[in-house]
Amino acid sequence: MSTLASVDPQIADLIKAEERRQADTVKLIASENYVSKAVLEATGTVLTNKYSEGYPGKRYYEGQQVIDQIETLANERAKAVFGVNHANVQPYSGSPANLAIYMAFAQPGDTVMGMGLPFGGHLTHGWSVSATGKWFNPVRYGVRQDTGRIDLDEVRELALEHRPKLIFCGGTAIPRTIDFEGFASIAREVGAVLAADIAHIAGLVAGGAHPSPVGHADVISTTTHKTLRGPRGAMLMATTDEHATALNKAVFPGLQGGPHNHTTAAIAVALHEASTEAFRTYAHQVVANAKALAEELSGRGFDLVSGGTDNHLILLDLTPKGIGGKPAAQALDRAGLETNYNTVPFDTRKPFDPSGIRIGTPSVTSRGMGEAEMRQIGAWMDEVVTALSKGDAEAVIARVHNEVSELTAQFPAPGLS
Ligand SMILES: *Cc1c(COP(=O)(O)O)cnc(C)c1O
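Put into structure tokens, the structure is as follows:
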């Protein structure tokens, strides 16, 4: 970054500061990861200079000799990694990818169904403040209060009553396996299109650590930057070619202009990495680490929504600890443990000051940490939260931050110098 440092020292210094912060933090944010140096390098290339509206072989600009090869490679790799017949790597991010699904299969005002945001669904699954909740008629399912899990009988009843055009499954704060087959049979029964949004779990699906929606969902949407460990971006996929044209048209020209070619190249690199045996091992270790962390926290009196985890994610209800999610997340951050506050199902507190925090193991696993480190992290979280609930956490926060720094120094994060 020597050129950047001389042209714009202010931004260069801020990037360096962020790099130091990332290096010295135990990142437990479930939706984040560290991309490899190779993915970073592909992102920072001259591909950003090129306009390529259209698709390989059918562009609206000349000079696509190289870009067409890059996008075709990305598509072919997506198809191979996920076992699908169709892939589109152009969506700018997860939210636009989901919008494209609405564009392809629904009209404004149509009834659509998704998991409610407070239960773990995403904004774009029809939540009220999102365009998808304003322009469509959303019906929302949740989880059972006694189990913290989706009740497919309830989903089926809602679907039979409201007859949605489109059903979304998947979400942002779901600690349990998604039953794609169960959702597919409901969608078939009511004649809805089933969209599986695997943004969070795509890396687990690619690595064989979570069942695949392929063969069940009509369309699959995913971000590329969460467990899949690629650049910020998204993909739409379909098991068969039936919906290929509708999806492609919805992305371009329906919603977007030119694709971000530097991102496309970096997605191709990430998919190449995701096809390796090392990535399979990574995906399984993410889940093993989440289970170890869940066990440690459970043993220390934390209340885990649904009682545990099947994937990379743990949702903690801090009510029994006598502290809100936001002050806890802030104290943990000052101790070097980065999390986000989150609503829990049936939360009695407000969304800006909810009862829970959400944590996940994709990033710490990318650093090479294992179950022993997870137990240590669980112990630190307990020490900070317990001290905070007693009112005097400063000394504990300072000590834990020192210990966190010693740990992060032993496990350098990929991509950071
Ligand atoms: C993260 C996420 C998205 C949105 O992705 P952005 O890239 O932030 O727009 C969509 N759906 C789910 C389930 C997600 O977790």
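Residues 0 to 416 (numbering that gives the first Met the number 0) make up the sequence shown, in order.
Beta carbons: idealized from backbone N, C-alpha and C, even for Gly.
Just so you know, these numbers come straight off a predicted model, no measurement behind them.
*Exposed or buried, what is Val419 when buried is set at 16 or more other beta-carbons lying within 10 Å of its beta-carbon?*
Here the chain has residues from 0 to 416 only, and residue 419 is not among them.
_Cutting at 7 Å between CB atoms, please list the residues of its own chain near Met102, excluding the five before and the five after it._
Ala249, Gly253, Leu254
*Determine the burial state of Ala4: buried for a count of at least 16 other Cβ atoms within 10 Å of its Cβ, exposed for fewer.*
exposed
*So who's on the other strand from Pro137, going by DSSP bridges?*
Val111
*asked:* Within a Cβ cutoff of 6 Å, which residues of the same chain sit near Glu70, ignoring the five residues on either side of it in sequence?
replied: Pro55, Thr263
*Would you mind working out which of His224, Ala216, Ala183 sits nearest Leu203, comparing C-alpha positions?*
His224
_As assigned by DSSP and simplified to three states, the class of Glu431_ = Absent from the model: residue 431. The displayed extent of the chain is 0 to 416, so no value can be given.
_If you measure between the beta carbons of Arg279 and Gly207, is that distance less than 8 Å?_
yes
*Pick helix, strand or coil for His261, following the three-state DSSP scheme.*
helix
*Mind reading off the beta-carbon distance from Leu292 to Ile313? Whole number of angstroms is fine, and I expect it under 8 Å.*
6 Å
*Which value, in whole angstroms, describes the spacing of the CA atoms of Val213 and Val286?*
21 Å
*Would you decide whether Asp217 is buried or exposed? Buried here means 16 or more other CB atoms lie within 10 Å of its CB.*
buried
*The beta strand (DSSP E) enclosing Gly355, as first and last residue numbers*: 355-359
*Based on the DSSP secondary-structure assignment, which residues constitute the bridge partners of Asn87?*
Leu235
_What does the Cβ neighbour count give for Gln284, buried or exposed, with the cut at 16 atoms within 10 Å?_
buried
*Name the DSSP beta bridge partners of Thr222, please?*
Ala233
_Quick check on Phe351: does DSSP put it in helix, strand or coil?_
coil
_Is any non-hydrogen atom of ligand 2 found closer than 7 Å to the C-beta of His121, if you look at the structure I gave you?_
In the structure shown, ligand 2 is absent; the only ligands present are ligand 1.
*asked:* With a threshold of 8 Å, are at least 3 pairs of Cβ atoms found where one atom belongs to the region 357-365 and the other to the region 30-45?
replied: yes
*Between the Cα of Gln409 and the Cα atoms of Val25, Met0, Leu165, which residue gives the shortest distance?*
Val25
*Within its chain, find whatever has a CB closer than 6 Å to the CB of Arg175; leave out the 5 residues flanking it on each side and keep chain order.*
Arg148, Ser305, Asp309
*How is the beta strand (DSSP E) around Ile177 delimited, first residue to last?*
Neither: Ile177 is in no beta strand (DSSP E) and is coded neither H nor E.
*Can Ser274 be considered in contact with ligand 1, in the sense that its beta carbon sits closer than 7 Å to one or more heavy atoms?*
no
*Rounded to whole angstroms, what's the CA-CA distance from Ala194 to Tyr50? Just pull it up for me.*
30 Å
*asked:* Any contact between the region 17-24 and the region 373-387? By contact I mean 3 or more CB pairs, one from each, below 8 Å.
replied: no
*Count the other CB atoms within 10 Å of the CB of Val38; is the residue buried (16 or more) or exposed (fewer)?*
buried
*asked:* For a test of the three-state rule: what should DSSP assign to Gly132, helix, strand or coil?
replied: helix
*Helix, strand or coil: how does DSSP classify Ala273 here?*
helix
*asked:* Measuring straight from C-alpha to C-alpha, what distance separates Thr407 and Asp67?
replied: 41 Å
*asked:* Let me check one thing: in DSSP terms, what residues is Val192 bridge-paired to?
replied: Leu165
*asked:* Could you check if His85 belongs to the surroundings of ligand 1, using beta carbon to heavy atom distance under 7 Å?
replied: no
*Consult DSSP for Lys78 and reduce its assignment to one of helix, strand or coil.*
helix
*Would the beta-carbon of Val138 fall within 8 Å of that of Pro163?*
yes
_Three CB pairs or more closer than 8 Å across the region 70-89 and the region 105-121_ = no
_Ala96 versus Leu246: straight-line alpha-carbon distance, rounded_ = 9 Å
*Report yes if the C-beta of Ser94 is less than 7 Å from at least one heavy atom of ligand 1; otherwise report no.*
yes
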